[in-house]
Amino acid sequence: MTDEAKGRGAGGARTSRRGFLRTAAAAGGAIAAGAVAARAEGPDPLITEVQDWASGFGDPVDATPYGLPIRFEDHVVRRNVEWLTESPISSINFTPIHALEGTITPQGCAFERHHSGAIELSKPDYRLMVNGLVERPLVFTYEDLTRFPRHVMTAFCECAANGGMEWGGAQLEGCQFTQGMIHNMEYTGVWLRDILNEAGVRPEGKWVYAEGADASSNGRSMPLEKAMDDVMVAFFANGEALRKEHGYPVRLVVPGWEGNMWVKWLRRIAVYDQAVESREETSKYTDLMADGRARKWTWVMDAKSVITSPSPQAPIRHGKGPLVITGLAWSGHGKIARVDVSLDGGRNWQTARLSGDVKPKALTRFHLDIDWDGSEMLLQSRAIDETGYVQPTKDQLRAIRGLNNVYHNNGIQTWWVRADGEVENVEVA
Amino acid sequence: MSRSRNLLVGAALAALAAGPAAAERLGLGRPALPEEIDAWDVAVLPDGTGLRPGSGDVATGEEVFAEKCASCHGDFAEGIDNWPVLAGGIGSLTDRRPVKTIGSYWPHLSTVWDYIHRSMPFGAAQTLTVDETYAITAFLLYSNGLVEDDFVLSDANFRDIVLPNAGGFYPDDRPETEYPLFRAEPCMTDCVETVEITRRAVDLNVTPTDPDGRPAGTLPPLTLAAVAPAAEAAGAAAPEAPAAETAGAAVPEAAPGAEAAAGAGPDPALVAAGESAFRKCAACHKVGEGAQNAVGPVLNGIFGRPAGGVEGFRYSKALTDMAAGGLVWDEAALHGFLENPRRFMRGTAMSFAGIRDEGERAALIAYLASLGD
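If you read the protein sequences in the order shown, they are chains H and U. Using the working numbering, the letters of the first sequence correspond one by one to residues 1 to 429. Using the working numbering, the letters of the second sequence correspond one by one to residues 1001 to 1373.
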């Protein structure tokens, strides 16, 4: 409160507003804040008194040539869970999805995953090599890439480990930590197939391997069919150049498939007759099953959803009455067809509204507007995609995969909303 | 109708088939030169494609590993702290806590060689020679109990090695084992009889928190009324109106003190910038109360102290040599070392590229100087 007061500068208006607060709070007692506003006993000084911002100047143009969010939103940032990894150089952080709306994730708060830190690679220093089983091994500059036909595509990027910490049971408080290894951006770039055609894939070429320019040179293999389908070599995200931490100047976009394959700082595309079976596609990003064997090549991210508010970091503070339940749904298999929401832990369901455009392999926003009676709720959402796949419960997944799985946890999330509006991450049975 | 449709389909198929062949090249890019391909295409495939000629034995591998890998992975590849365990764990994959190592989990030896050669050591990738890579790989086979101590690995015998878990992987079978189960029309009402909470995340208490104890990033209240109780508590010690005044007055009051401090001690803003810059060091160096040696030594009290003085830390020969020569971590020495560690100290074990920006170095040094013993 002191910081806020400082920032606003001195002024009688604030003092009297705080005075008003006290009176209102005292008079209102336990009555919810909304009710106080509705039954205000006196006129609101925010309205009746001329405020600083309504009298003096605001910032001139050019005060911030490239702006950041206003300081009142400075809690909306990526966050790390330090105990997860030994070094922040090879680590991950989480998108504050509890504080965002709509579907597009701003680059500045979209989760990061680096294996050897986010490198600085300039456009003039950039090279992309295409080699292996091709007719003409080629090298492209950044400028060369800008001369291929350009396309625009929105896609979600989800780490295969999103929700991995929850596999053994509810662990972290907040969807930023439990479902926040995800972002959704509108990319502009060129089709990988156009670049591959330029080099000419030889008939024996079956796999396409993509590799980054950073010290980890994170590399992943994908079947030629995917590479020739919807994979993009992107250089813009949300209308601006990729940010450094998202692979500037060029990254791969592999719609619907796990984030580790979206190679950043893309430096090489190779065509081979077999998968490389790199470290990231053998020792990591493989799914250990109960019998001790492991699934590999589990690329697709299955349908999933989460209620982003209310949630542990977004408690209900306005009391009973109208309540907006908002959340995100997505599927690596295509479009979201429907999202259902349960208020009672999965006993009964109602269908939510899908708000805005529904795009394949992209985040879809859903809303459900309810009249909350102020009693406890066990909130859940379940996504259904256009293939008819219904998001399963965590227990359904555990029954098939056992307890040692880490990746691809797309199970239903439960939030326990208490009568006071506070929210906890729980599991139910 | 159906005939014309068939015709259409046929025409479409023909067009598709002709598509790739007919796709015109744009003539972009230039031919990749053999030397360039050799430099960048370092991938080694499961069948040995891409393997480079060379060899290395277990004993040499152990030496190189001790020097370049053991600070994270441990002398016996057992893994220090949360760094990856590389040996052991065979037979543990069905345990509640499986230990996934090269011996217990990795399917292909090519992956080991490829990853070490291209991505290790952490912070100094692509500095190992081909023979060193063979030697380290041989040592890792040995530490997993898969070869004897006189084993020599080379491109000639590489393909003969089959890792224990080679048969432990199968391609994604979710389309057969999961999707059919999850495509039933979902229940909408009275789906289960009772619902009980079985687990609560709060019981584990492992979520990062804000200073008020709430989960980190919790949205602040939106109404002044909701803020009021907190303001009451904060303002309880001082009467209302003066509290607002002192908030403003506190700034000029504090300023002279800050200026006085600037003459004697470090600039707080510089120290703060240095603390932020230190994040790239924090992977290996711990500071503050109770800090212990990690990959690198504890840095408390480093500023102005003779080099190599942290008890219990195993320094490189390069550092102990320079320490014996009288190296003191004063401002100039820290600038030199941090700008380019390997140039300042040939043979240093610190895998760090250095900080080119002088201002950033100055901030970092100011921060280090602010750390007590």
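All C-beta atoms, glycine included, are put in the ideal place defined by N, C-alpha and C. The structure displayed is predicted, hence computed values, not measured ones.
{"Query": "What residue range is occupied by the uninterrupted alpha helix (DSSP H) comprising W207(H)?", "Result": "Taken as a continuous stretch (DSSP letters only), W207(H) belongs to no alpha helix (DSSP H), being part of the beta strand (DSSP E) at 207-212."}
{"Query": "Would you call the CB atoms of D1330(U) and Q274(H) closer than 8 Å?", "Result": "no"}
{"Query": "Using only CA atoms, which one of E1148(U), L1045(U), E1062(U) lies nearest to L1109(U)?", "Result": "L1045(U)"}
{"Query": "Report yes if the CB atom of L1371(U) is closer than 8 Å to the CB atom of N1293(U), and no otherwise.", "Result": "no"}
{"Query": "Roughly how far, in whole angstroms, is the beta-carbon of A1362(U) from the beta-carbon of M1345(U), given that I think they are within contact range, below 8 Å?", "Result": "That belief does not hold up - the Cβ atoms of A1362(U) and M1345(U) are roughly 20 Å apart, past 8 Å."}
{"Query": "What span of residues does the alpha helix (DSSP H) with A1184(U) cover, start to end?", "Result": "Unbroken run through A1184(U): none, as it is neither H nor E."}
{"Query": "Since C1072(U) sits in a beta bridge, which residues does DSSP pair it with?", "Result": "Answer by DSSP bridge pairing: none, since C1072(U) is not bridged."}
{"Query": "Just checking: is the beta-carbon of P1031(U) within a distance shorter than 8 Å of some beta-carbon in chain H?", "Result": "yes"}
{"Query": "Could you tell me whether the segment 234-246 of chain H touches the segment 107-114 of chain H, where touching means 3 or more Cβ pairs closer than 8 Å?", "Result": "yes"}
{"Query": "How about T1207(U): is its C-beta nearer than 8 Å to some C-beta of chain H?", "Result": "yes"}
{"Query": "Is DSSP giving A1255(U) helix, strand or coil here?", "Result": "At A1255(U), the pLDDT of 35 sits below 50, so the modelled position is not reliable and the matter cannot be decided from this model."}
{"Query": "List in chain order: all unbroken beta strand (DSSP E) runs of 3+ residues lying wholly within the segment 186-268 of chain H.", "Result": "207-212, 219-223, 232-237, 251-253"}
{"Query": "Return helix, strand or coil for N410(H), following the three-state DSSP convention.", "Result": "coil"}
{"Query": "Report all residues from its chain with a CB closer than 7 Å to the CB of D1373(U); omit the five preceding and five following residues, and keep chain order.", "Result": "N1300, G1301"}
{"Query": "For R202(H), count the other beta carbons within 10 Å of its own beta carbon; 16 or more makes it buried, fewer makes it exposed. Which is it?", "Result": "exposed"}
{"Query": "Relative to the alpha-carbon of L133(H), which residue among V208(H), V61(H), S331(H) has its alpha-carbon at the smallest distance?", "Result": "V208(H)"}
{"Query": "Hey, quick one: how far does the alpha helix (DSSP H) through R398(H) stretch, first residue to last?", "Result": "394-401"}
{"Query": "Less than 8 Å separating the beta-carbons of N93(H) and E112(H)?", "Result": "yes"}
{"Query": "What does G58(H) pair with, by DSSP beta-bridge criteria?", "Result": "G58(H) is not bridged to any residue."}
{"Query": "Applying the criterion that 16 or more other CB atoms from any shown protein chain within 10 Å of the CB defines a buried residue, is P1256(U) buried or exposed?", "Result": "Here the model assigns P1256(U) a pLDDT of 35, short of 50, so the residue's position is not dependable, and the following value carries that caveat. With fewer than 16 Cβ atoms within 10 Å of its Cβ, P1256(U) is classed as exposed."}
{"Query": "Cα-Cα, which of P1031(U), D1155(U), I1365(U), P1211(U) is closest to G1304(U)?", "Result": "I1365(U)"}
{"Query": "Under a three-way DSSP split, which group does G132(H) fall into?", "Result": "strand"}
{"Query": "Excluding the five sequence neighbours on either side, which residues of its own chain have a C-beta within less than 6 Å of the C-beta of S1055(U), listed in chain order?", "Result": "Y1134, V1152, S1154"}
{"Query": "Could you tell me which residues DSSP puts in a beta bridge with D369(H)?", "Result": "V324(H)"}
{"Query": "Within 10 angstroms of its Cβ, does L1222(U) collect 16 or more other Cβ (buried), or is it exposed?", "Result": "exposed"}
{"Query": "Just grab the DSSP bridge partners of Q380(H) for me.", "Result": "S342(H), T414(H)"}
{"Query": "Where do the N-terminal and C-terminal ends of the beta strand (DSSP E) with E158(H) fall, by residue?", "Result": "151-158"}
{"Query": "For P1107(U) and chain H, any beta-carbon pair shorter than 8 Å?", "Result": "yes"}
{"Query": "At a CB-CB cut-off below 8 Å, which residues of chain H make contact with G1217(U)?", "Result": "H75, V76, V77, R79, P96, H98, A99, G174, Q176, Q313"}
{"Query": "Given that L121(H) touches chain U, what residues does it touch there, using C-beta distances under 9 Å?", "Result": "Neighbours of L121(H) on chain U: none; closest Cβ ~14 Å, over 9 Å."}
{"Query": "Going along chain H, which residues have a C-beta under 9 Å from N1082(U)?", "Result": "W83, L84, T85, E86, S87"}
{"Query": "Listing by chain order, which chain H residues have their CB less than 7 Å from the CB of P1220(U)?", "Result": "H75"}
{"Query": "For the beta strand (DSSP E) that Y1170(U) lies in, which residues bound it at each end?", "Result": "1169-1171"}
{"Query": "For a contact defined as C-beta to C-beta under 7 Å, what are the partners of E1178(U) on chain H?", "Result": "I400"}
{"Query": "I'd like to know if the segment 327-336 of chain H and the segment 355-369 of chain H are in contact, where contact means that at least 3 CB-CB pairs between them fall below 8 Å.", "Result": "yes"}
{"Query": "Interface residues of chain H around I1302(U) at Cβ under 8 Å?", "Result": "In chain order: nothing, as chain H lies at least about 20 Å away."}
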